[in-house]
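Position 109 (the sequence shown) corresponds to 112 in the numbering used here; numbering is contiguous. The next block holds one structure in the form of structure tokens; read it before the comments.
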Amino acid sequence: MQYDVSNEIVIERIKQVLSDFKQKNPHLSNLFKISREFAHKTNDEQVIISDILEIAHNQHLDVLEGSIVSIYYAQARPNLRCPVAFDHPLDHYPMLKLLEIGRQLGIAVCHKFNHVPLTGFMFIVNCIFGDFNKFTELDIPLELIEIDIGVKYKKGILSQKVSYFMFFQKGAFLGYGGGNFSIFPNMIYKELRIFSRCSILENIGWTKTERGDIAIPTNIDLLREI
Numbered sequence: 004m005q006y007d008v009s010n011e012i013v014i015e016r017i018k019q020v021l022s023d024f025k026q027k028n029p030h031l032s033n034l035f036k037i038s039r040e041f042a043h044k045t046n047d048e049q050v051i052i053s054d055i056l057e058i059a060h061n062q063h064l065d066v067l068e069g070s071i072v073s074i075y076y077a078q079a080r081p082n083l084r085c086p087v088a089f090d091h092p093l094d095h096y097p098m099l100k101l102l103e104i105g106r107q108l109g110i111a112v113c114h115k116f117n118h119v120p121l122t123g124f125m126f127i128v129n130c131i132f133g134d135f136n137k138f139t140e141l142d143i144p145l146e147l148i149e150i151d152i153g154v155k156y157k158k159g160i161l162s163q164k165v166s167y168f169m170f171f172q173k174g175a176f177l178g179y180g181g182g183n184f185s186i187f188p189n190m191i192y193k194e195l196r197i198f199s200r201c202s203i204l205e206n207i208g209w210t211k212t213e214r215g216d217i218a219i220p221t222n223i224d225l226l227r228e229i
């Protein structure tokens, strides 16, 4: 089930949660960028979130029909000179960058708070949604609230959740994004991938696509190695 977190009642409730949290934690500007392993990046320049703090764990939230939720806080930490994250001149965060900020936050929360090891598991985001009604400024600190609903565990490790990412600048609500996260052990992920691939191809082999003498890089051989 998806909730409308852009509802004014929800926004005001989360604004109060954020305000109360910031009053109790006056040094949030000192948060460091999170380690790249938590954001599933190999390059530090492409990590665009801070470390994460937990605001609430498994609490009822009345404005979301009494759902049991966990709430987390983070800040955007973009490198505006990064040619991948910001590949052309911009006067605001584009929506795709905001969704990437949310994706990194959602994954990092799984590792830091939901007992998902940094190795041995694969993530699938099979539904992405978003709604933004204000421009997000590049020169004003960007704060994020993650709300996790429908959290499910298998053998003590997170297996599924729905995450909402609410974006704020100077206390103003800018919009939200979100997605459905599923986490699988590598072997189960491999079985899912092979099943999906065989529904398109006759086998899991692959044909190299050439650009001159150089094959386009791919990690599809990992299906054999997992």
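Glycine residues also receive a C-beta, built at the ideal position from the N, C-alpha and C atoms.
Item	Value
Whether residue 1 touches residue 52 by CB criterion (7 Å)	Outside the shown range of the chain, which is 4 to 229, sits residue 1, and nothing can be said about it.
Nearest residue (CA-CA) to residue 128, options 96, 148 and 183	183
Cα-Cα separation, residue 105 to residue 175	18 Å
Minimum length 3: unbroken beta strand (DSSP E) runs contained in the stretch 157-188	160-172 and 175-188
C-alpha gap between residue 35 and residue 19, whole angstroms	24 Å
Runs of alpha helix (DSSP H) wholly within the stretch 59-93 (minimum 4 residues, chain order)	none
Residue 169, buried or exposed, once every other Cβ within 10 Å from all chains shown has been counted against 16	buried
Spatial distance of residue 79 from residue 146 (CA atoms)	6 Å
Per DSSP, the bridge partner or partners of residue 53	36
Neighbour-count burial assignment, residue 81, 16 or more Cβ in a 10 Å radius	buried
Helix, strand or coil at residue 215 according to DSSP, with G and I counted as helix	Residue placement at residue 215 is poorly supported in this model, since its pLDDT is 48, which falls under 50; the coordinates are not used for a value here.
7 Å Cβ cutoff met for residue 238 and residue 149	This structure does not reach residue 238, given that the chain is present from 4 up to 229, and the question cannot be answered.
Between the CA atoms of residue 194 and residue 187 - distance to the nearest angstrom	10 Å
Local Cβ density within 10 Å of residue 213, reported as buried at 16 or more and exposed below that	With a pLDDT of only 49 at residue 213, under 50, the local geometry of the prediction cannot be trusted, and the value read off the model is given with reservation. Label assigned to residue 213: exposed.
Close Cβ partners of residue 7 (< 8 Å) along its chain, the five nearest in sequence each way excluded	13
Length of the line joining the Cα atoms of residue 216 and residue 49	Residue confidence for residue 216 is low, a pLDDT of 48 falling below 50, so the modelled location carries little weight and cannot support an answer.
Beta carbon of residue 139 nearer than 7 Å to that of residue 177	yes
Residues sharing a beta bridge with residue 47, DSSP	Per DSSP, none; premise fails for residue 47.
Contacts around residue 102, its chain only, beta-carbon distance under 7 Å, and the 5 residues preceding and following it disregarded	131, 133 and 180
Of the residues 92, 192, 198 and 45, the one placed nearest residue 125, counting alpha carbons only	192
Where the beta strand (DSSP E) through residue 105 begins and ends	Per DSSP, residue 105 belongs to no beta strand (DSSP E); it is in the alpha helix (DSSP H), 98-116.
Neighbour flag for residue 42 against chain C, beta carbons, 7 Å	Protein chains in the displayed structure number just one, and chain C is not present.
Residue interval of the beta strand (DSSP E) (run including residue 134)	124-135
Closest by C-alpha distance to residue 41, when choosing among 118, 202 and 151	118
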